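Asker:
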Ligand code: FES
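In the numbering used here, the protein residues as written are 366 to 472.
#1: To the nearest angstrom, how far is the alpha carbon of residue 433 from that of residue 422?
#2: Inspect the CB distances between the stretch 397-416 and the stretch 438-456 and report whether three or more fall short of 8 Å.
#3: Distance check for residue 381 and residue 463, CA to CA, integer angstroms please.
#4: For a minimum of 3 consecutive residues, which ranges assigned as the beta strand (DSSP E) are wholly contained in the stretch 367-445?
#5: Could you check if residue 400 belongs to the surroundings of the ligand FES, using beta carbon to heavy atom distance under 8 Å?
#6: Along the chain, where does the beta strand (DSSP E) containing residue 460 start, and where does it finish?
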């Protein structure tokens, strides 16, 4: 089956808290959206691959989020879990147009 890409508006740039995560639900996907200190916006799957911690509730440091449950360090850029732990979460491309934030979902 061919994959389609949907571009989903999640709100204005100003509606995202800086240096904190926000949970956004799109269809059956729960996504953690982060506005970094430098203003970049990143979107990753909201469940830690370890035991399902909610990543939007983690602590953001630079471009990494620390899972609120057992402190795994996960890149909000590409979703990779950092050593010594292993794994990854899905990351989603983000586009900002006219101060509106869109997440691109392929399904
Ligand atoms: S559930 Fe995320 S580190 Fe354990």
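Just so you know, even glycine gets a beta-carbon here, dropped at the ideal spot from N, CA and C.
None of the values given here were measured: they were computed from a predicted structure.
Answerer: The short version:
#1: Separation of residue 433 and residue 422 (C-alpha to C-alpha, rounded to the nearest whole angstrom) is 6 Å.
#2: Segments in contact, yes.
#3: 15 Å
#4: 370-377, 386-391, 394-400, 406-410, 424-426, 429-431, 438-440
#5: no
#6: 459-462
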